[in-house]
Amino acid sequence: TQNIYILAIESSCDDTAASVMLNGKILSNVVAGQSIHEAYGGVVPELASRAHQQNIVPVVQQALKRANVDKNQLSAIAFTRGPGLMGSLLVGTSFAKSLAYGLDIPLIDVNHMQAHILAHFIDEEGFNKPPFPFLGMTISGGHTQIVRVNSHFDMEVIGETIDDAVGEAFDKSGKILGLGYPAGPEIDKRAKLGNPKAFKFTKPKVEGLNFSFSGLKTAILYFIQKETKANPNFIEENLNDICASIQYTIIGILIDKLKLASKQTGISHIAIGGGVSANTGIRQALKDGEAKFGWTTYVPKFEFTTDNAAMIAIVGYLKYMEGDFAQQNVTASSRLKI
Ligand code: KG4
Ligand code: ZN
3 TQNIYILAIE SSCDDTAASV MLNGKILSNV VAGQSIHEAY GGVVPELASR
53 AHQQNIVPVV QQALKRANVD KNQLSAIAFT RGPGLMGSLL VGTSFAKSLA
103 YGLDIPLIDV NHMQAHILAH FIDEEGFNKP PFPFLGMTIS GGHTQIVRVN
153 SHFDMEVIGE TIDDAVGEAF DKSGKILGLG YPAGPEIDKR AKLGNPKAFK
203 FTKPKVEGLN FSFSGLKTAI LYFIQKETKA NPNFIEENLN DICASIQYTI
253 IGILIDKLKL ASKQTGISHI AIGGGVSANT GIRQALKDGE AKFGWTTYVP
303 KFEFTTDNAA MIAIVGYLKY MEGDFAQQNV TASSRLKI
C-alpha cells in the first residue's frame with residue numbers, strides 16, 4: 003500500500019500549529035500558543051497574525067523534525083481555510099499555498115469546524131470512532147455548535163450560539179470574578195471545591211437547539227455587583243461556590259440542548275470537541291448521560307480537542323483519499339460554513 007504523508011497547518015485563531023500524519027496516524031503535533039493575549043484578557047487579532055508570521059516556519063520545521071519526515075516525502079499540504087480571524091487565516095493559507103507550489107504537491111483546504119468533529123477519526127489506540135450518524139458538539143472559546151454528522155463530509159449544523167460561545171461564558175464570568183484569562187480551567191478547578199447549588203442563575207430561553215450565553219454573563223455581573231455592595235469581600239469568601247454554580251448552570255444549558263437534539267434526531271452517539279470539552283464537569287455529565295439517557299459518548303485526547311493541526315491533518319487525509327483537492331487560487335474565508 004501507498005504511504006500518504008500529510009503536513010497540516012492550522013492558524014485560525016491564536017495558536018500556530020503543524021502536524022504530520024502518515025495514513026491516518028499522527029507522527030507529530032506541534033502547537034505554539036501566544037501568551038501575549040493574556041495581558042489583554044482576550045485574543046487581539048492584529049497581534050495574533052503577527053505572531054503567526056513569526057511562528058509558522060519554526061513550527062512546521064519542528065513538526066517535520068519530530069515526525070522524522072523530510073519535506074520531499076510529503077504527499078500533500080492541508081491548511082485551515084476558515085472560519086477564523088482573517089489576519090490569522092491568511093498566514094497559514096499563504097504559507098500552505100507557497101509550500102505546495104514549491105514542492106509541486108496537492109493542496110487541501112480544510113474547514114476548521116469540520117475538523118473539530120473529524121478529529122474523532124484520528125487513528126489512536128484506545129479511542130473508538132463514532133459510527134454514523136452521530137451528533138457532534140463543538141464547544142470552545144470561539145464556537146458552540148451541535149452538528150448532525152451523516153458521513154465524513156455530510157454534516158448539518160442543527161444548533162449554534164446566537165451570541166457568545168460557551169468558552170466566552172467561562173472566560174467573561176472569570177473576568178467579572180477577577181480571574182486570569184482564559185478563566186475556564188480555573189473555574190473548573192474551583193468548581194470541584196464548591197457547592198454547585200449555592201447560587202442560582204436562570205438559564206436563557208432560546209428556541210430549539212440554539213444557544214445564548216450573553217444573558218448569563220450579564221446576570222452574573224449584576225449578581226456580583228449587588229452582592230459586593232452588601233459585602234465587599236463577597237467574591238473571595240464565596241469564590242469556589244460561585245465558580246461551581248456558574249459551571250453547573252453552563253453544563254445544564256449544554257446537556258439540555260443535547261437531550262433535545264438526541265430526542266429530535268433519534269441519535270444517541272455523541273462526540274464532543276473544542277477546548278471546553280476539557281471541563282471535568284461536562285465530562286462527568288456526559289458519562290452520566292450514558293446511564294441516564296442511553297447515550298454513547300466520545301471524548302478525544304485533550305491535544306486533539308483544543309485548536310491543533312492533527313485535526314486538520316485527518317481531514318486532509320480523508321480528502322486526499324477522495325482526491326478532493328483545492329484550486330491554486332483558493333482564498334481564506336473567515337466565515338466559512340460547515
Ligand atoms: O479550543 P480552544 O483552545 O480555542 C478556541 O477557543 O478555539 O478553547 C479555549 C477555550 C477557552 O474559552 C477556555 O477558557 C476554555 O476553552 N477551557 C475550559 C477548560 N479548559 C479550557 N473551559 C472550561 N473548563 C476547562 N477545563
Ligand atoms: Zn477551534
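Quick note, full-length UniProt numbering runs 2 ahead of the 1-based positions in the sequence shown.
Backbone N, C-alpha and C fix where the C-beta goes; we use that ideal spot for every residue, glycine too.
Under a 10 Å Cβ-count criterion, A41 is classified as exposed, with fewer than 16 other Cβ atoms of the shown protein chains found around its own Cβ. At least 8 angstroms separates the beta-carbon of D16 from that of A65. Between D258 and F215, the C-beta spacing is not below 8 angstroms.
DSSP lists T298 as the bridge partner or partners of H271. The beta-carbon distance between R337 and P85, rounded to whole angstroms, is 6 angstroms. This is short enough to meet the 8 angstroms contact definition.
Closest in C-alpha terms to V59, from the list D243, S13, E238 and H271, comes S13. The Cβ atoms of I269 and V278 do not sit closer than 8 angstroms to each other.
The ligand KG4 approaches G277 closely enough that one of its heavy atoms is under 7 angstroms from the residue's Cβ. Residue state for D106 is assigned as coil, using DSSP reduced to three classes. Not one heavy atom of the ligand KG4 sits closer than 7 angstroms to the Cβ of D125. Annotation for Y42: no alpha helix (DSSP H) segment contains it, and DSSP assigns it neither H nor E.
In terms of side-chain proximity, the C-beta atom of G180 is found no nearer than 7 angstroms to any non-hydrogen atom of the ligand KG4. For S216, the enclosing alpha helix (DSSP H) begins and ends at S216 to A232. Per the C-alpha coordinates, the member of G325, Q330 and K321 positioned closest to N113 is K321. With respect to N74, Y300 sits apart: the two C-beta atoms are not nearer than 8 angstroms. Proximity of the beta carbon of G169 to the ligand KG4 is indicated: a heavy atom of the ligand is located closer than 7 angstroms. Taking E238 as reference, the option from R192, F203, A280 and L211 with the minimal CA-CA separation is R192. Here DSSP, grouped into helix, strand and coil, assigns G138 to strand.
Cβ atoms of S77 and I11 stay farther apart than 8 angstroms, at about 15 angstroms.
Exposure of Y103 is indicated by the presence of fewer than 16 other C-beta atoms within 10 angstroms of its C-beta. The closest CA to that of G144, considering only D156, D173 and E126, is found on D173.
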